[in-house]
Every structure is written in C-alpha cells, then in structure tokens.
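Presented below is the structure to which this report refers.
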Amino acid sequence: MEIVYEQNYNPKTADFTPILRAANAKKPDAIYIASYPNGSAGLVRALAEVGTDAKAVGGGMVGLQFAGLMAGLGPMLNGIANYDFFVPEPTMNLYPGASALIDRYQSKVKAENLKVDALGYYLVPWAYANLDILGQAVEAVGSLDQVAIGKYIRDNEFTSVVGKIKFGKNGEWERPRTLVVQYQGITNNDLQQFATPGTRKILLPADISTGDIQSFNSLRK
Amino acid sequence: MKYTFEIICMLLIVGLFVLTQVVGNQFYFFIGFVILQYMVMATAWNILGGYGGYVNFGSAGFLATGAYTAVALINFLDVGLVEQMVAGGIFAGLLGLATGYLTLRLRGVYFAIATLALAIILETVVAHWDYVGGAAGTSILPKRKPELLGELIVDRKAGIFANYKEYLFFLMGTVAIISVWVARYIENSKLGRGLNAIKDSEEAAECMGVPTLRLKLIATTISGAMMGVAGAPLASYLTFIDPLSAFNLEYAINAIAMPMIGGTVSWAGPVIGALLLGTAQQVSSLWIQSELNLLIVGVVLVVFVIIAPEGIIGWFRKSRQGSRR
Amino acid sequence: MSDALLKIDSISKHFGGFTALSNVTTEVAPGERFGLIGPNGSGKTTMINCVSGLLRNEEGKIIFDGKDVTDLKPHKRTGAGIARSFQIPRPFHTMTVIENLMIPAEFVGHHRGEKGDDRAEAMEILETMGMAEKADDTTLDLTQIELRKLELARAMAAKPKLLISDEAMAGLTGQEVDEVIDILFKMNERGITIIMIEHIMRAVMRFSQRIICLDAGQLIAEGTPEEIVKNKDVERAYLGSTDG
Amino acid sequence: MAIFIDLLLNALVIGVLLGGFYAALSIGLSITFGLLDVVNIAHPTMLVLGAFIAFLLNSTWGIDPVLAGIISTPFFFVLGWLIYQVYYNVFEKSGAESLRGLAFFFGLLFIIEVGLIIQFGVDHRLVEAPYIGQSWNIVIGEEIDVAIPFRLLVAFVVAAIATLAIHAYLTKTFFGRAVRAVAQDMMALRLMGVDPIRVKRIAFAMGVATAGIGGALMIIVLPIEPSLGRLYLGNVFAIVVLGGLGSISGTLLAAVIIGIAESIVATFFGPSWAPAVSFGILLAVLAFRPEGLFGKTAGAH
Numbered sequence: 002m003e004i005v006y007e008q009n010y011n012p013k014t015a016d017f018t019p020i021l022r023a024a025n026a027k028k029p030d031a032i033y034i035a036s037y038p039n040g041s042a043g044l045v046r047a048l049a050e051v052g053t054d055a056k057a058v059g060g061g062m063v064g065l066q067f068a069g070l071m072a073g074l075g076p077m078l079n080g081i082a083n084y085d086f087f088v089p090e091p092t093m094n095l096y097p098g099a100s101a102l103i104d105r106y107q108s109k110v111k112a113e114n115l116k117v118d119a120l121g122y123y124l125v126p127w128a129y130a131n132l133d134i135l136g137q138a139v140e141a142v143g144s145l146d147q148v149a150i151g152k153y154i155r156d157n158e159f160t161s162v163v164g165k166i167k168f169g170k171n172g173e174w175e176r177p178r179t180l181v182v183q184y185q186g187i188t189n190n191d192l193q194q195f196a197t198p199g200t201r202k203i204l205l206p207a208d209i210s211t212g213d214i215q216s217f218n219s220l221r222k
Numbered sequence: 011m012k013y014t015f016e017i018i019c020m021l022l023i024v025g026l027f028v029l030t031q032v033v034g035n036q037f038y039f040f041i042g043f044v045i046l047q048y049m050v051m052a053t054a055w056n057i058l059g060g061y062g063g064y065v066n067f068g069s070a071g072f073l074a075t076g077a078y079t080a081v082a083l084i085n086f087l088d089v090g091l092v093e094q095m096v097a098g099g100i101f102a103g104l105l106g107l108a109t110g111y112l113t114l115r116l117r118g119v120y121f122a123i124a125t126l127a128l129a130i131i132l133e134t135v136v137a138h139w140d141y142v143g144g145a146a147g148t149s150i151l152p153k154r155k156p157e158l159l160g161e162l163i164v165d166r167k168a169g170i171f172a173n174y175k176e177y178l179f180f181l182m183g184t185v186a187i188i189s190v191w192v193a194r195y196i197e198n199s200k201l202g203r204g205l206n207a208i209k210d211s212e213e214a215a216e217c218m219g220v221p222t223l224r225l226k227l228i229a230t231t232i233s234g235a236m237m238g239v240a241g242a243p244l245a246s247y248l249t250f251i252d253p254l255s256a257f258n259l260e261y262a263i264n265a266i267a268m269p270m271i272g273g274t275v276s277w278a279g280p281v282i283g284a285l286l287l288g289t290a291q292q293v294s295s296l297w298i299q300s301e302l303n304l305l306i307v308g309v310v311l312v313v314f315v316i317i318a319p320e321g322i323i324g325w326f327r328k329s330r331q332g333s334r335r
Numbered sequence: 012m013s014d015a016l017l018k019i020d021s022i023s024k025h026f027g028g029f030t031a032l033s034n035v036t037t038e039v040a041p042g043e044r045f046g047l048i049g050p051n052g053s054g055k056t057t058m059i060n061c062v063s064g065l066l067r068n069e070e071g072k073i074i075f076d077g078k079d080v081t082d083l084k085p086h087k088r089t090g091a092g093i094a095r096s097f098q099i100p101r102p103f104h105t106m107t108v109i110e111n112l113m114i115p116a117e118f119v120g121h122h123r124g125e126k127g128d129d130r131a132e133a134m135e136i137l138e139t140m141g142m143a144e145k146a147d148d149t150t151l152d153l154t155q156i157e158l159r160k161l162e163l164a165r166a167m168a169a170k171p172k173l174l175i176s177d178e179a180m181a182g183l184t185g186q187e188v189d190e191v192i193d194i195l196f197k198m199n200e201r202g203i204t205i206i207m208i209e210h211i212m213r214a215v216m217r218f219s220q221r222i223i224c225l226d227a228g229q230l231i232a233e234g235t236p237e238e239i240v241k242n243k244d245v246e247r248a249y250l251g252s253t254d255g
Numbered sequence: 003m004a005i006f007i008d009l010l011l012n013a014l015v016i017g018v019l020l021g022g023f024y025a026a027l028s029i030g031l032s033i034t035f036g037l038l039d040v041v042n043i044a045h046p047t048m049l050v051l052g053a054f055i056a057f058l059l060n061s062t063w064g065i066d067p068v069l070a071g072i073i074s075t076p077f078f079f080v081l082g083w084l085i086y087q088v089y090y091n092v093f094e095k096s097g098a099e100s101l102r103g104l105a106f107f108f109g110l111l112f113i114i115e116v117g118l119i120i121q122f123g124v125d126h127r128l129v130e131a132p133y134i135g136q137s138w139n140i141v142i143g144e145e146i147d148v149a150i151p152f153r154l155l156v157a158f159v160v161a162a163i164a165t166l167a168i169h170a171y172l173t174k175t176f177f178g179r180a181v182r183a184v185a186q187d188m189m190a191l192r193l194m195g196v197d198p199i200r201v202k203r204i205a206f207a208m209g210v211a212t213a214g215i216g217g218a219l220m221i222i223v224l225p226i227e228p229s230l231g232r233l234y235l236g237n238v239f240a241i242v243v244l245g246g247l248g249s250i251s252g253t254l255l256a257a258v259i260i261g262i263a264e265s266i267v268a269t270f271f272g273p274s275w276a277p278a279v280s281f282g283i284l285l286a287v288l289a290f291r292p293e294g295l296f297g298k299t300a301g302a303h
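Chains as they are written, first to last, in this note's numbering: chain A, 2 to 222; chain B, 11 to 335; chain C, 12 to 255; chain D, 3 to 303.
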C-alpha cells in the first residue's frame, strides 16, 4: 500500500479543513484517521464541509463511540468506518448477560442522573468483564497471591459478558475481538437511534458481522 | 552547631533508605515518589520565583526536558537512572540558561508568558521527535539488568532494593533533600540576598551594585537543572511517557501553588506546601475522586493568597510576632 | 577643570522620535556641590539615568574618574563610585532598613576587596541620618521622609565618590527639607561629590555651588546660583512651563 | 500549481476566519490584561464556562448558540464585577505584588474547570445549529474551489461585530476613553471627577462578559470539554501580547496574523506544527520587541 499523505495534529486544533484539503489534494483511495475526541469530531465536521472522494474513511477515531458526540454529530457520521467495542447489533446478544448488564446500567444512569455515558455500550461491558475475570481468577486460586492469579489468568479461558476470552503469549487477546463498524442510516441527532440495531453495522470480525462495507460517499445524504 | 542542618539531611536520607527496607507495600513508594517529585519542583521554582520574583509558568517544560533527556539516553546508551538524572539536570540547566538569555529584557507577566511559550514550543518539537516516541509516546520498561552498580541495586532476592518503586522513591527522596539543602544555602548566601533585592526593585538593585543579569542567569540555570533532575525518572516511574503527560500544566500550577501556600520567602515554604498539597491531592484522587485533586489546588491557592498571602510560614511568623508585642 | 570627576561629553538620548537629551556637555569637579534644574520633562532624570547607566546614551561619552564608563552596566558604575537615590523611593521592601544598606555594602564593598564589618558601617551611616532606631524595622513602616533618608543612606552604603540625589525632597515639609539638606552637606564634608536634582528652588540655591539648567533636553544655562537666578533663559523656561 | 493555489487560497480564507474567532477569544483578555493590567489567566476557562452554558441552553431548549451567548453575557458581566470586587479589595488596594493576583486567577482557573467536570463530566459536548457541518463553496475555474465552513463564518461575523463594537465603544465614548486612561493615569481621572475604581470594575466586567459570546462561538467551532481552556491559555496570551498591550485593534490584527500563520502551516506542514509557529512568533516578539507588534509603550517596564 502506498502512503500518499501522513500528518499529525495537535489537541487544540480548532479547524480541520486545511488538513483534509491537503489530504484530498493527494487523491487518496482511503483515509485512515487515528484521533482523540476533539480531532475526531473536528474531522467528521470537516468531512461534512469539505467532503472527500476517498472510498473508505475512518479507522481509530476515539470519541465517536461517546453518546454526547454521536448525538451531536448525527448524520455527519454516515459512511465512516471505525473501531468500536460493543454495539446493539443482534450478533452481540450471543453473550450471556450482556443485554441485561446494559439495561441495568442505563436504568442506573437515568435513576441517579450520573454524568456518564448514557448508552453504556462502548466501555461498560468490557470494564465489567475486566473485573469479572479478575474475580473468577481470585475465586479459582483461593488467595490474593499475585503470581498465582497472574498464572491462572494467563493459562485459562474465561466466559464473560463479552464472550469467551483467552489471553495470548504477548498479553493481548489470543483472538482479537475489537469491532470495526460502519455508521449508516443516521437521519437526525436523536441519541436513542444508537441504542437500536442498524446504525452501526459490524464489518469485522467476520463471524459476528452484520453487514458489508460500502463506499463512503454511497452512505452520505 | 554549624552543621546541624547537614546532619539532619544525612539522617533523613538514611531514614528514607530504612523506610524502603521496612515498608513492604509498594503502593506507598508509588505515591511518595510523586510528593517528593513535587517537593523538588516547588523548591526549584521558588529559587527563581520566591527569591528572585520571576514567575516561571513553564516548569513542566523543564521537567519534561529532564524526562525526555532520560528517554533519549535510554534509547541511545541504555544507561542507568543516576546517569539519566545527571544528564537531565545538565540539559534542563542549559535550557534554563537559554531561557534566562532569551528573556533577559522581560519582567513580571511577560517573563511568565515567555516561559509558557517556551514550554509549548518544546512540547511541539518533542511531539515530532520520533526517536523518543513522538506524539504517540513511548513505553519505558524497567530494565532487567540494572544499573550503576550492576544487579546489586534492584533485585527481588539479592539487591539493595526489592523493586523499582523503592529505588525510585529513594532516589527522588535524596534529590529532594539535596534540593532543599541547595535552596537553603542560596537563601543564606550573597546570591539569595541579591535575588531578593532584584525581586524588590530590579533597578535599585542594579544601581546598588548587584549584577542582576548574572544572578538571574545563575538562578534560571539552577532552578531549571533541579527540575530536570526531578523529571528524569518520570518515564521509568510511569513506564510510559508522551508529550501530553510530561508537559502537563498541572506540574506548572503545583510548582507555583506549593511555595505560595507554604510561603515563598524561605526554603521551608515549598517543602511544607508540597507535603500538604501533595498529600491532599494523592489522598483525594486515590480515595475520593480524581478530579478533586485539582479542585483542592485551586481552592487552597485562592484561599491562601486571600487570607494568608505570605503562606503558612508568614502566617506563623506573624502570629509569633503578634504574641511578642 | 581638566581634573573633573565626571565629564559628560555631548551626550544625546532619543526615545523613538522624541529627543530627550540633545548634545549635553558639562563637568563636575571633585568635591563639588552641583545642582541640576529644569522644568518637568526637560530631561533631568534622563540625564542622570544616563550617568548611572539605567539608560544608554546613543551619542557622546561619559567619563568618570578618568575612565570611560559609557558602555558599563549600572552595577559596574556603582562599583566605580557612582551611587544614586531614586525620586520615587524604591526600597527593598521585603528587607529591614539595615539589610537595605547591606546589599550595596556586600555587592560593592566586597567587589572592591574591602573587608570590613558591614553591619557596623551600615549602623554608622544610619546614625548620621538619625535613623539608627529604625535599623531593624521593615521599610513598610517608614514615613515619607524616612524613605527619602533610606534612599540616601543606601546610596552612601555603596561608598560612592559621586552621589546623585534625585529629587530627594519632593513632597516634604520645609523642616524636613532642611533636614535632608543638612544630611547632604554632611556627606559633602566627607569629600563626596554631590549632584542634586531638585524642583525646590530654595534648596537647590542654598546647597549648590554651581547649577546647570536643562530645557527640552538642551543645556540652556550654567553658573553660580546668583547667575542662574538672573538668567533670562531660565526664567522663560520655567514661566513657559507653568503656562502649560 | 493549481492545486497549490487552491490550497493557499483556502488556507488564507480559513486563516482569516480563524483569526476572527481567535479575536473573540482574546478581546476580553485584551481589556482585562492589556488595558487594566489584571492578569486574568482564568479567561480561557471562563470561555469554556460560556461554551457549556451555551450547550445547556441549546440542548435543553434548542436555543441557537449565538443567541445563548448573548443571553449569558449579563451573567458573565456580573461574574466579572464580583471577581474584580474581590481582586481589588484583596490585592490591588493593598498594592499586593502581581504574583499573588496571578496565583488567584490560576486557582480560579482550576476551580471553574473542576466545577464543570463535576457538573457535566469529561465528555466532549457539541451544539446543534443548522449552519454546523455546512459550507459555502466558491468555485473559480476548473481547479479552484474555496470552501467556507458556515460554523467558522458565523463565528467570524459575530466576532467581528463584537470586537468592532467594543473597539468603537472604547475609542469613541467618554467612558471608553476613561477606561483607556485608567491604566495610565489614575490621578488625572480623579481630578476629572471620575472614580477610577468604578471605571476599572465596569471595564473588567466587560472583559469577562465577552466570555459569554466567545464561549458560544467556541462550541460552534469545535467540541468542548472542561479542560479545553488550558490549551487556549497560551494562544490568547500570545495574541494579546503580540497585538501590544492596551491596543484593541492590535489584538484584532494579531489574531488574524496568528490565524493565517496557523492555517498556512497546518495546510503545508501539518497542524501539529501550528502552535510552535504562533509561539515562536510570540517569543521572538517578546525577545526583540517586548512592546508587541502594534504597542506604543514599552512593555518590558
């Protein structure tokens, strides 16, 4: 793959149209963006304002999973393919306890008016799974000996709200389970649409995919 | 006795060492390191700010210079922590000297803004320097085979210190004690008196024979070097470093707030400020809510500049004077 | 007067387009009591700032004690023997009165290789000013006249050959003015040359042996107090300034 | 070549718009710091507070953010009034060294920031308005297409109106001249029968009041979160100092210069170099011309 343009930005960049324009000038087929929330939102707006002829846009954009940004950006998200951890697609319901957990979380957020992610899909299941695995390991080992707990976690497979998890040699998951989703069919700024299936189709991993990738501009408007 | 203070310093260093041998829980060294690092930063800031009246807003830039000198050295030569700290001190000291030269016409707020600008420029440059990780940062894992004295230093079974946290804590504690000694020495020296004169009236000082430029350059260099030494172990402590964390404005505000709370006229001020504020921040962010540590700095700073403008030390002196009269 | 202590040789100073001093030449003899007068904005303060080194004159030379000091920094000139007071007192306000005096004693005296008891010498200066009791007070507790005296005392602690007194009497009562004049006479008796910049004519006329008058950055008159009083240019300069 | 011209033209247009936006962020500080000599380093964080108020009004009642900014302006005026009251009584009246005043505002900065975190959380917030995400394209010939994002255009127009109004107010009215005089000669004002403290209090309150409208523009241009103010701290000070203290028109011009410099650097070298450029300009100005580009009085003293 040939890289035609590569650039960094700094966190206080107020306007991202120059960077997108400079990228467009190199006529890329795909634009890969690795950004933090401010940059993610700025680039999504720039994509709406300047547009692009690239066929695929997205990648590692932190922030587009947040309830606040999703609602704020609304239809501007259409066509972007981005990483995610947990979305309300039917294939995600395979995991025992996942939907119950999210229901519980959302009602708690509402009841206690917590200033946190109103939807609770992005990190909640994984945060829960983190502690769940640690808890399972502590119970299995029967003590708080760190070395023994570490060994148990490395050697065993766990069942959790995010499915079966086994750690590989390098400490990462043996089988990567990060999702790649594509935003589509978003018509307004209502947050609740992101709690229903269809707005974020799972492209990868293949075994739980709910749609195929479509070109960026075919999903705009 | 003439050397009472020096003897107390030595005893404190021995005391730190004993602590590392007696206390088993690494967690205390983990938070102790931060408080001690702030003590060095506050003490260093106070040499220029408290004695000389020049407010440095760019403390984080000097700390980060130390930190990134260490990272570059690890990548280049794979040297140990002590060497990293010496090198960090040298480079940050040179930066201090350069800052002094560049800003020699600037006073008051202008100096403060120039130091802030300098820190931001440095941050931008570091964010583009891929050798030390660039904007994305880099991981620094404690080395398996340390150190100046070989494996003797850190080793679970045979070393002087059982783990890296203890070693970092001991080093930072020693640096803190040496910094306080240096600050106290300066305070009671010709340099300290000259800086005080500069703070009160730079023109009068110059006309009374004080070589203001030379003293300012010495102060920026020493202050910068201390901050660099404090910053050098940062990457090893965090095991990861990126420009955002190394250049964080929180270092700058703490370096200002701590001396202001303790009192800027004496070496003891920054020490008291760092102990109080540093401990309060650690406690609140670990056991209550992480945002609270910043709220504490803010509220305490505002309250202190309003009701106790000379800090805790000034407050004590005043109440003692009051009772005498 | 080839053996002058201070030679000001055709100096000029500009601020942007404004000419503050224009080609001023004069000399001060050793031991002389020298008066410098002129209306507001005539360049008096600019001139002594050039002599003490706080400002650099763009043209001309300043020779002190036989040495060219034009390019020296103020603290070097103080070391060479020029000391000054400030019109608006600038005490080291975080220090006590005696500590104020010990700054020049330490930085100038030690620089010259003198090793004396700084504190005792400072006390002696304070005694001649009648301020010995205030030695350990902070400067914030001082009255206006005490602040003026401190300015002079601190300058004296630098052991100068030439003392420049910049409007040390402005705003003082008649009795206080006399007190300051007495102090200046006492210093002069010790062999210190004194330049007095002053608005209070009575003081300048009584004190000075010789006076120069500046107007709009130019030297317009030079002579004994009697000559200056009669000088038409001086009269015009002062009357002109009171109109505006 | 046509691509180069296209990029350059766009960079210039965006730079000017960005400059207007920066001017709106800096104008308040230009009054409080430049004219009144009060180092309000909490100003950028007050802007963020203004942005959050605009967010609140927009998300609760759907009020247009610009209107929301106008609505919150009186609130900031009162806030500024109160802050100056404290600042004057505690620091200025006693002639306290500027170091303490500086520390006071530094503390205020963190109090506001954490207050926002506690109230709103650390999430990024956006507002909804019909002009956000749209742009106005001017096509010249085959290759050149200048796109003007509406959110920047709105920010620019509002900022231009606000700053020009303030500029006119300060130069044309009696009160405005009093404000400009207060920094130089308090005594003269007293002789004219004007209470300089009252003048300073109102002027400071005006400076802080700009955080209402400036904050609203901020959230129109980019998503905001509580600690965003810190990132702009250097930028607004750079603009005010570069423009020369006490010069409102200098601030405007400096904002546009920084805007254009950042936009051109962002286009041709990448946005990550932009802060180094603007701060490099600032440092150079401070080192060689401390009175700022358009200042008349020497700033170093």
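Note that CB positions come from ideal geometry on N, CA and C, so glycine has one too.
For my contact list, residue i and residue j are in at a C-beta cut-off of 8 Å; report their separation, rounded to the angstrom.
| i | j | result |
| --- | --- | --- |
| Ala-130(A) | Ser-161(A) | 4 Å |
| Cys-61(C) | Asn-68(C) | 5 Å |
Say whether chain B places a C-beta atom closer than 7 Å to the C-beta of residue i.
| i | result |
| --- | --- |
| Asn-9(A) | yes |
| Ile-99(C) | no |
| His-104(C) | yes |
| Leu-37(D) | no |
| Gly-234(C) | no |
Please go through the same chain and pick out, in chain order, the residues whose beta-carbon is closer than 7 Å to the beta-carbon of residue i, but skip the five residues on each side of it.
| i | result |
| --- | --- |
| Val-215(C) | Gly-46, Ile-48, Met-207, Glu-209 and Ile-222 |
| Tyr-247(B) | Phe-43 and Leu-178 |
Determine the contact status of residue i and residue j, defining contact as a CB-CB distance below 7 Å.
| i | j | result |
| --- | --- | --- |
| Ala-77(B) | Leu-181(B) | no |
| Ser-28(D) | Ile-266(D) | no |
| Ala-213(B) | Leu-65(C) | It should be pointed out that residue 213(B) corresponds to Glu in this sequence rather than to Ala. For Glu-213(B) and Leu-65(C), yes; Cβs fall inside 7 Å. |
| Pro-171(C) | Ala-94(C) | yes |
| Gly-98(B) | Thr-79(B) | yes |
| Leu-230(C) | Val-35(C) | yes |
Per DSSP, which one or two residues make a beta bridge with residue i?
| i | result |
| --- | --- |
| Thr-212(D) | Bridge partners of Thr-212(D): none, in fact. |
| His-25(C) | Thr-30(C) |
| Thr-107(C) | Thr-149(C) |
| Gln-183(A) | Ala-82(A) and Lys-202(A) |
Go through its chain and collect everything with a Cβ distance to residue i's Cβ below 8 Å, but skip five positions before and after it.
| i | result |
| --- | --- |
| Leu-225(B) | Gly-62, Leu-201, Gly-204, Leu-205 and Ile-208 |
| Gly-52(D) | Gly-71, Ser-74, Phe-78, Ala-213, Gly-214, Ile-215, Gly-216, Gly-217, Ala-218 and Met-220 |
Flag residue i as yes if its beta-carbon sits less than 7 Å from any beta-carbon of chain A, otherwise no.
| i | result |
| --- | --- |
| Asn-12(D) | yes |
| Arg-102(D) | no |
| Ala-129(B) | no |
Measuring only between beta-carbons, confirm whether residue i sits less than 7 Å from chain C.
| i | result |
| --- | --- |
| Glu-161(B) | Note that Glu-161(B) scores a pLDDT of 48, beneath 50, so its modelled location is shaky; the value from the coordinates is reported in the next line. It does not: the Cβ of Glu-161(B) has no partner Cβ on chain C nearer than 7 Å. |
Who are the Cβ neighbours of residue i in its own chain at under 6 Å, not counting the five residues just before and after it?
| i | result |
| --- | --- |
| Thr-150(C) | Pro-102 and His-104 |
| Ala-30(C) | As written in the sequence, residue 30(C) is Thr, which differs from the Ala given in the question. These residues qualify, in order along the chain: Gly-228. |
| Arg-194(B) | Trp-277 |
With a cut-off of 7 Å, does the C-beta of residue i fall near any C-beta of chain D?
| i | result |
| --- | --- |
| Thr-18(A) | yes |
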